[in-house]
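In the working numbering, the protein residues as written are 5 to 940. Comments concern the structure below.
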């Protein structure tokens, strides 16, 4: 066996080194280093796979979309409804449009810098995606009502009567109100309406343009009824008009009018007075309705005092088929009235009518009225199952027909919403909202309650958010299922978001068919025809400033949802499972590499913890801070109690935040693995690159050396922290430059002043995509730069250079200093400029001033996600990579030396004060000899 002799100068003895021993040691180091990298790779795969799998299986994604364009731009209250119906020869062939009109807020914050109040909008949407309107028609005043008329112009689409108010060009001051959330008193405004200058015109459901340009009347229209025969001499359009009283702003005079399509007035009947105070959502009367009486269309009129069926064939409605006073029906309350035409229960050919009377307290009564003569068949009372200590006040009663009559029965849902006051020791303690819902089976001679649901809560229940029938029988019991909305208070005091939970359920067995959790306010709910092809009627959820169109199907995990982009949900699920399996296999296989080395590894880790306490502590704090920040942000966004609605800002915020969180933790260990595994190749790349620069300049005598690091194997804590700076500056420059440059181009907001989903969502989504994602990726993409330079220093790689002609001292410099000089200055200046530009652009002051309960969320977002995340990311990524590289320093050094030797560079460690100086003199003599020979 051959041996190499190596003289030890200190002891003047000869050591005999077996080459096989060195090779064995190298292979052992290689095995361990590779195992370290592969274990970190396995951990990265498990993070990506497990977190991704949790998101796509546990987060529900519902088909739908949302319109929130005007949320912060205009003082609009949106009112959406099912759009124009396409039909031929009276046969409906589908409906895929949504119509929306804008009114003004009843009360408007004084501080908002809104345009003048003479503004309105009529819009038509494709129900498949309502983010942008197909057609948008502006008006010079708020729209107070839109009424479907049927196809007037013969294009096959339902047309509409639009009632537009004329308002003064300036807001009027209405007083002060108290903002509970912010705890401040603010002045508020409203519009001033010219009651005698309404415009009431027909518009096309296809184009939203005026059909004939006729303004039928200038009064307020409270209700509209339509006769389908437009060819006879009878009035086609029946209006319930309210004419203002010049002596009393709340008093109005009521008229029933009838017009031909050409604008000719046929009927103008005065029917008494009307108090404008009662014109609210809690009081749907006065009202007119076409009622089939003995197979002939007649006009039903109901107000607070009368119940009348007019004969449409009589001149000017002078003949009534029957007329009753509301007071004739049982029950003393008659302040508020509601009614519902139901099925024919006594088989006389005329539908029966349910009449509800209520005023304050629980003083309410329901009368079943015979449609043939207007007489009361019987009366019963609704009552709430309230504790004796609670007094209640009914605000509104809703009546919904949920089932066709069979065997003389009809199923009706009664629902009232009100307030309760808790009293004790003769003082008022607190006020709650409650909702009481009961289903009754109604027969011609009796009624029976078959279902009751009682909700008692301390928060907001919109009075217009009535339970509605979905107009479908899902369990084939002959009764339509119902859609109800419950408001769930915030799950945390830190979060300002409430959950509006929509449930579709069966009234008998309490079976829930679908539960949808929404973060946006839900008021009125309207069922529309299926837009996503699942065969179920779908939902319009009207908020005040936004509205959504959503599928009514039971929400499913994201990977199963038809709303998942391009149908890739299941392939993504399979990919994530595959990633987890690969990660487990790698972890088991390479973890087994250490089964004979457990004690040395434990000892190594123990020593590392002792020597690098500050580094390890900083690394742990960085990772824990990011984890807690993301977790708190998820809570504040109500992630754990939300159904993601495709196309809404809040869903985009949640999705992109989860995506960034997964990428952050997944790339954390993956980046460390890349640094450790490829560091020798990256380092050698810079050596060759520096050599190329020397060859191009031809101005220096140069040579690369490996400095003998002796026993200097540890890197100081502050030296480690200093290594973070260049990658950190580079990531800041890249992230904030891309954001500042691309955000305006791509239409993302660069600031926010409130936490509304529209404004804050537009900002945070752009920030996550254009700033944070490139910032995180930069630590991985520039691994060749960071890891290469770290190893160049650890391996002691320097170069000697001396000018050939110019008077300048020779120099010995680390290769890493030259490499870093390529980007260090530019990165530092760019990072400073771009970060300062970002900080100045953000409207932090407005956001904080407008904050109420969400102040903590704004401060957390600003301090951590915007200003802290880039710095914390730098510390976490670089320090973890450095610690992993420390475990493989000896092996990586040897790999680098081997690469240098293959490239013709002497990789023998040398002492800088002896070897380099001596060899530089010899090199100088050689060069001088060459110069003399060249001169000769």
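Glycine included, every Cβ here is placed at the ideal spot set by N, Cα and C.
CA nearest to the CA of residue i, picked from the options
{"i": "residue 886", "options": "833, 731, 840", "result": "731"}
{"i": "residue 474", "options": "543, 537, 224, 249", "result": "543"}
{"i": "residue 944", "options": "130, 46, 883", "result": "Coverage of the chain is limited to positions 5 through 940, which leaves residue 944 absent and any answer about it impossible."}
{"i": "residue 172", "options": "196, 328, 790, 799", "result": "196"}
{"i": "residue 360", "options": "888, 73, 353, 384", "result": "384"}
{"i": "residue 37", "options": "893, 910, 904, 909", "result": "893"}
{"i": "residue 121", "options": "594, 133, 170, 50", "result": "170"}
{"i": "residue 319", "options": "565, 34, 238, 550", "result": "238"}
{"i": "residue 265", "options": "153, 468, 779, 222", "result": "153"}
{"i": "residue 578", "options": "443, 511, 217, 564", "result": "564"}
{"i": "residue 798", "options": "895, 833, 706, 377", "result": "895"}
{"i": "residue 644", "options": "658, 146, 253, 294", "result": "658"}
{"i": "residue 594", "options": "42, 631, 32", "result": "42"}
{"i": "residue 501", "options": "151, 586, 640", "result": "640"}
Per-residue burial, residue i [other beta carbons within 10 Å of its own, 16 or more giving buried]
{"i": "residue 300", "result": "exposed"}
{"i": "residue 649", "result": "buried"}
{"i": "residue 79", "result": "buried"}
{"i": "residue 524", "result": "buried"}
{"i": "residue 421", "result": "buried"}
{"i": "residue 290", "result": "buried"}
{"i": "residue 411", "result": "exposed"}
{"i": "residue 431", "result": "Residue placement at residue 431 is poorly supported in this model, since its pLDDT is 38, which falls under 50; the coordinates are not used for a value here."}
{"i": "residue 699", "result": "exposed"}
{"i": "residue 484", "result": "buried"}
{"i": "residue 351", "result": "exposed"}
{"i": "residue 559", "result": "buried"}
Where the alpha helix (DSSP H) containing residue i begins and where it ends
{"i": "residue 622", "result": "617-640"}
{"i": "residue 582", "result": "573-595"}
{"i": "residue 450", "result": "Looking at the DSSP string, residue 450 is not in any alpha helix (DSSP H), and its letter there is neither H nor E."}
{"i": "residue 906", "result": "893-906"}
{"i": "residue 824", "result": "819-825"}
Bounding residues of the beta strand (DSSP E) (the contiguous stretch that carries residue i)
{"i": "residue 250", "result": "From DSSP, residue 250 is part of no beta strand (DSSP E); its letter is neither H nor E."}
{"i": "residue 743", "result": "Counting along the chain, residue 743 falls outside any beta strand (DSSP E), though it belongs to the alpha helix (DSSP H) covering 729-750."}
{"i": "residue 127", "result": "124-130"}
{"i": "residue 199", "result": "197-207"}
{"i": "residue 670", "result": "Run containing residue 670: none in the beta strand (DSSP E); it sits in the alpha helix (DSSP H), 653-701."}
{"i": "residue 293", "result": "291-297"}
{"i": "residue 84", "result": "80-86"}
{"i": "residue 785", "result": "Here residue 785 belongs to no beta strand (DSSP E); instead the alpha helix (DSSP H) covers 777-785."}
{"i": "residue 560", "result": "Note, residue 560: premise wrong, no beta strand (DSSP E); not H, not E."}
{"i": "residue 104", "result": "101-108"}
{"i": "residue 543", "result": "542-546"}
{"i": "residue 371", "result": "368-373"}
{"i": "residue 302", "result": "300-306"}
{"i": "residue 68", "result": "68-71"}
{"i": "residue 506", "result": "503-509"}
{"i": "residue 150", "result": "147-154"}
Proximity of residue i and residue j at Cβ, strictly below 8 Å
{"i": "residue 273", "j": "residue 349", "result": "no"}
{"i": "residue 231", "j": "residue 206", "result": "no"}
{"i": "residue 330", "j": "residue 305", "result": "no"}
{"i": "residue 629", "j": "residue 876", "result": "yes"}
{"i": "residue 487", "j": "residue 522", "result": "no"}
{"i": "residue 741", "j": "residue 838", "result": "yes"}
{"i": "residue 626", "j": "residue 880", "result": "yes"}
{"i": "residue 354", "j": "residue 298", "result": "yes"}
{"i": "residue 381", "j": "residue 418", "result": "no"}
{"i": "residue 821", "j": "residue 708", "result": "no"}
{"i": "residue 775", "j": "residue 810", "result": "no"}
{"i": "residue 1", "j": "residue 527", "result": "Since the first and last residues shown for the chain are 5 and 940, residue 1 lies out of range."}
{"i": "residue 107", "j": "residue 147", "result": "yes"}
{"i": "residue 83", "j": "residue 105", "result": "yes"}
Rounded distance between the beta-carbons of residue j and residue i, thought under 8 Å
{"i": "residue 753", "j": "residue 766", "result": "4 Å"}
{"i": "residue 670", "j": "residue 44", "result": "Contact doesn't hold; Cβ gap of about 11 Å is too wide."}
{"i": "residue 803", "j": "residue 683", "result": "In fact, because the Cβ distance is near 19 Å, the residues do not count as touching under 8 Å."}
{"i": "residue 373", "j": "residue 379", "result": "7 Å"}
{"i": "residue 441", "j": "residue 47", "result": "Contact flag wrong, Cβ pair sits at about 52 Å."}
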